[in-house]
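Working notes, beginning with the structure itself.
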Amino acid sequence: MKAYIDQLAAGMMPESRELEELLRTEDEEILAYLYAQARKVREKHYGRDVYIRGLIEFTDYCRNNCYYCGLRRDNRKAERYRLSEQEIMECAQEGYFLGFRTFVLQGGEDAGYGCERIEALVRMLKERFPDCAVTLSVGEHSEKTYRRWREAGADRYLLRHETADPAHYRRLHPQELSWERRMECLHTLKRLGYQVGCGFMVGSPGHETGHLVKELLFLRRFRPHMVGLGPFIPHKDTPFGGAPAGTLLMTLKCLALVRLILPDVLLPATTALGTIAENGTVLGMQAGANVVMPNLSPVYARRKYMLYDGKAVSGSEAAEGLQLLKERMEAAGYRVAVSRGDWKGEKNDV
Ligand code: SAH
Ligand code: SF4
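Heads up: the sequence shown at position 108 corresponds to 457 in the working numbering, and the numbers run straight through without jumps.
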């Protein structure tokens, strides 16, 4: 298997059978080799820099009903909030002082924050912080809307595809949501010139090893600039409240394989990873990740924005815990960079 890992690291097209074997292995030596090769590839492209993104969770209203998510519209127990423009600008200002040069506006699909309101918000952020990148992560919208946001200055867009298998997508979402439409959105975003992030949850209900192989092959075909992946974690007030969480081991293997398959991808160690394991962020870096997204939202909002149970909202997951994050990263041989942290690949295939 080591020879196969070398071939992947050298850019060979991944093959289903071998990928599946790697995803199934629990051999410590092979795993250590996999992570070491992933780190080597990461260092070739991004050195030991860790890019940070200030995450602003600006609304937890959502019109959708994804079975796995605590923000789903049928979750009557969710406490809904919506930050004002002023609150968002204050979060960004604080983030700027701390050294953030990317702001990620994430939220549910909220009719209270429609096309024009978000467009104005993007303009405001880009005007006040011209040296910063703005990333949006607000779900599925029309091409017209995505274009207006892009023209207003939005640089990047995160829209996880959630699963590369249409039948599995059906299991995770109600009838009104469609895998094909999600894929179409991703293609549209790329065409409009965004740096695009897709991604998936590891171990969502019914997500088997075979699906993970499909995720990796899909990523290789689609070639996103960023990949957001983390373990599925159940939320008690959702239809999947009793399902088991995805595992640390599988998440780390996926991170390492994504790094080998897409050498220059921007790859965060996600909050979900930091939630299932105290040292998840460092372990993520050691498996090939190069981005962390600490939370800049006001503390009251963080506690309400509960995609899943037990979400980590303090310590190195929080912007004010940046010092702690820096220390942890330095102890592991990495360096938190004050920069926009753009994608360093060469071409933007559509
Ligand atoms: N509404 C937007 C952005 C917010 S949700 C959207 O859906 O794209 C952001 C991500 O959180 C989702 O893409 C999903 O992958 C993740 N997520 C939601 N519920 C989760 C859960 N229970 N466990 C782990 N990740 C979850
Ligand atoms: Fe809404 Fe996103 Fe949660 Fe689905 S995953 S319910 S779209 S916030």
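C-beta: ideal position from N, C-alpha, C; glycine also.
Note that this is a predicted model, so its numbers are computed, not measured.
Query raised in the report: Is Ile-582 helix, strand or coil when you go by DSSP?
Result: Taking the sequence shown and counting its residues from 1, the one referred to as residue 582 is at position 233. Note: Ile-582 maps to coil in three-state DSSP.
Query raised in the report: the ligand SAH heavy atoms versus the CB of Arg-505: any closer than 6 Å?
Result: Residue 505 sits at position 156 when you count from the first residue of the sequence shown. No, since every heavy atom of the ligand SAH falls outside the 6 Å radius drawn around the Cβ of Arg-505.
**Report entry** Heavy atom of the ligand SF4 within 6 Å of Leu-380 beta-carbon
**Finding:** Position 31 of the sequence shown, counting from 1, holds the residue named residue 380. Because no heavy atom of the ligand SF4 lies under 6 Å away, the Cβ of Leu-380 does not count as near it: no.
Query raised in the report: With burial defined as no fewer than 16 other Cβ atoms inside 10 Å of the residue's Cβ, what is the status of Lys-539: buried or exposed?
Result: Here the question's residue 539 lines up with position 190 in the sequence shown. Looking at its Cβ environment, which holds 16 or more other Cβ atoms inside 10 Å, Lys-539 is buried.
Query raised in the report: Thinking just about the alpha-carbon of each residue, which of Tyr-495, Arg-450 and Pro-554 is nearest to the one in Glu-533?
Result: Indexing the sequence shown from 1 puts residue 533 at position 184. The shortest Cα separation from Glu-533 among Tyr-495, Arg-450 and Pro-554 belongs to Tyr-495.
Query raised in the report: Cβ of Arg-702 within 6 Å of any heavy atom in the ligand SF4?
Result: A question about residue 702 goes unanswered here, because the residues of the chain that appear run from 350 up to 699.
Query raised in the report: Taking 6 Å as the cut-off, is the CB of Arg-509 close to at least one heavy atom of the ligand SAH?
Result: Here residue 509 refers to the residue found at position 160 when the sequence shown is read from its first residue. Yes.
Requested in this report: Within its chain, find whatever has a CB closer than 8 Å to the CB of Ile-354; leave out the 5 residues flanking it on each side and keep chain order.
Outcome: In the sequence shown, counting from the first residue as 1, residue 354 sits at position 5. If we look at Ile-354 and ignore the five residues flanking it on each side, its Cβ neighbours are Leu-371, Ile-379, Tyr-382, Leu-383, Gln-386 and Leu-609.
Report task. With a threshold of 16 other CB atoms inside 10 Å of the CB of Gln-455, please say whether the residue is buried or exposed. Result -> For the purposes of this step, residue 455 is taken as the residue at position 106 of the sequence shown. Result: buried.
Requested in this report: Starting from Phe-449, follow the beta strand (DSSP E) in both directions and report where the run begins and ends.
Outcome: Residue mapping note: residue 449 aligns to position 100 of the sequence shown, counting from 1. Element bounds for Phe-449: n/a, residue is neither H nor E.
Query raised in the report: Taking contact to mean at least 3 C-beta pairs separated by less than 8 Å, is the stretch 440-457 in contact with the stretch 611-622?
Result: no
Query - Inter-residue spacing [alpha-carbon to alpha-carbon] between Glu-375 and Leu-598 - result: Within the sequence shown, the letter at position 26 stands for residue 375. Within the sequence shown, the letter at position 249 stands for residue 598. Looking at the two C-alpha atoms, the distance is approximately 9 Å.
Query - Neighbourhood of Val-699 by C-beta, 7 Å cutoff - its chain only, sequence neighbours within 5 removed - result: By 1-based counting over the sequence shown, the position of residue 699 is 350. Since pLDDT at Val-699 reaches only 40, below the 50 mark, its modelled position is unreliable, and the value read off the structure follows with that caveat. For Val-699, where only same-chain residues beyond five positions count, the Cβ hits under 7 Å are Lys-539 and Arg-540.
Query raised in the report: If we call anything under 7 Å between Cβ atoms a contact, is Met-678 one with Val-399?
Result: Start at 1 with the first residue of the sequence shown, and residue 678 comes out as number 329. Start at 1 with the first residue of the sequence shown, and residue 399 comes out as number 50. Yes; because the gap between Cβ atoms is below 7 Å, this pair is in contact.
Requested in this report: Measure from the alpha carbon of Glu-377 to the alpha carbon of each residue in Gly-579, Ala-469, Val-685 and Lys-602, then state which is nearest.
Outcome: Taking the sequence shown and counting its residues from 1, the one referred to as residue 377 is at position 28. Selected option, being the one with the closest Cα: Lys-602.
Query raised in the report: Is Phe-413 near the ligand SF4, in the sense that its beta carbon is under 6 Å from a heavy atom of that ligand?
Result: Here residue 413 refers to the residue found at position 64 of the sequence shown. Going by the sequence as given, residue 413 is Asn instead of Phe. Yes, since a heavy atom of the ligand SF4 falls inside the 6 Å radius drawn around the Cβ of Asn-413.
Report task. Along the alpha helix (DSSP H) that carries Tyr-384, what are the first and last residues, could you check? Result -> Here residue 384 refers to the residue found at position 35 when the sequence shown is read from its first residue. In this chain, the alpha helix (DSSP H) harbouring Tyr-384 covers 377-395.
Query raised in the report: So what's Asp-355 in DSSP terms, helix, strand or just coil?
Result: Within the sequence shown, residue 355 is the residue found at index 6, counting from 1. Taken through DSSP and simplified to helix, strand or coil, Asp-355 comes out as helix.
Query raised in the report: If Tyr-416 sits next to Arg-431, beta carbons under 8 Å apart, how far is it from one beta carbon to the other, in whole angstroms?
Result: Counting from one through the sequence shown, the residue named residue 416 turns up at place 67. Counting from one through the sequence shown, the residue named residue 431 turns up at place 82. Wrong, their Cβ atoms sit about 24 Å apart, outside the cutoff.
Report task. Specify the secondary structure class of Leu-616 as computed by DSSP and reduced to three states. Result -> Here residue 616 is taken as the residue at index 267 of the sequence shown, counted from 1. Correct three-state label for Leu-616: coil.
Query raised in the report: For the alpha helix (DSSP H) that Leu-372 lies in, which residues bound it at each end?
Result: Taking the first residue of the sequence shown as 1, we reach residue 372 at position 23. Its alpha helix (DSSP H) spans residues 365-373.
Query raised in the report: Which parts of the stretch 452-510 are runs of the alpha helix (DSSP H), unbroken and 4 residues or longer, counting only runs that do not cross its ends?
Result: Those alpha helix (DSSP H) runs which fall completely within the stretch 452-510 and span 4+ residues are 464-477 and 492-500.
Query raised in the report: How long is the line joining the alpha carbons of Arg-397 and Lys-585, rounded to whole angstroms?
Result: Locating residue 397 in the sequence shown gives position 48, where the first residue counts as 1. Locating residue 585 in the sequence shown gives position 236, where the first residue counts as 1. If I take the Cα positions, the gap works out to 38 Å.
Query raised in the report: What do you get for Asp-459, buried or exposed, if any count of 16 or more other CB atoms within 10 angstroms of its CB means buried?
Result: Here residue 459 is taken as the residue at index 110 of the sequence shown, counted from 1. The residue in question, Asp-459, is buried, as its Cβ has 16 or more Cβ neighbours within 10 Å.
**Report entry** Nearest to Val-607 (by Cα), restricted to the options Gly-629, Val-562, Thr-596 and Val-648
**Finding:** Residue mapping note: residue 607 aligns to position 258 of the sequence shown, counting from 1. It is Val-562 whose Cα lies nearest to the Cα of Val-607.
Requested in this report: Could you give the DSSP three-state label for Gly-577: helix, strand or coil?
Outcome: Position 228 of the sequence shown, counted from the start, is the residue given in the question as residue 577. Note: Gly-577 maps to strand in three-state DSSP.
Report task. May I ask you to report which of helix, strand or coil DSSP gives Arg-570? Result -> For the purposes of this step, residue 570 is taken as the residue at position 221 of the sequence shown. Helix.
Query - Collapsed DSSP secondary structure at Gly-694 in the structure displayed - result: On the sequence shown, position 345 is the one that residue 694 refers to. Looking at Gly-694 - three-state DSSP - the assignment turns out to be coil, as it is neither helix nor strand.
Requested in this report: With hydrogens ignored, establish whether the beta-carbon of Cys-534 is closer than 6 Å to any heavy atom of the ligand SF4.
Outcome: Here residue 534 is taken as the residue at index 185 of the sequence shown, counted from 1. It does not: the Cβ of Cys-534 is nowhere closer than 6 Å to a heavy atom of the ligand SF4.
Report task. Could you check how far apart the C-beta atoms of Gly-579 and Leu-622 are, in whole angstroms? I think they sit under 8 Å. Result -> As a working mapping, residue 579 is identified with position 230 in the sequence shown. As a working mapping, residue 622 is identified with position 273 in the sequence shown. Yes, they are in contact, since the Cβ atoms of Gly-579 and Leu-622 sit about 5 Å apart, within 8 Å.
Requested in this report: Tell me, to the nearest whole angstrom, how far the beta carbon of Met-554 is from that of Ala-592; I am working on the premise that it is less than 8 Å.
Outcome: Counted from its first residue, the sequence shown places residue 554 at position 205. Counted from its first residue, the sequence shown places residue 592 at position 243. Strictly speaking, residue 554 in this sequence is Pro, with Met absent from that position. Between Pro-554 and Ala-592 a beta carbon distance of about 5 Å is seen, short of the 8 Å cut, so the two are scored as contacting.
**Report entry** CB of Pro-573 within 7 Å of CB of Val-551, strictly
**Finding:** To locate residue 573, count along the sequence shown from 1; it is residue 224. To locate residue 551, count along the sequence shown from 1; it is residue 202. Not closer than 7 Å, so no.
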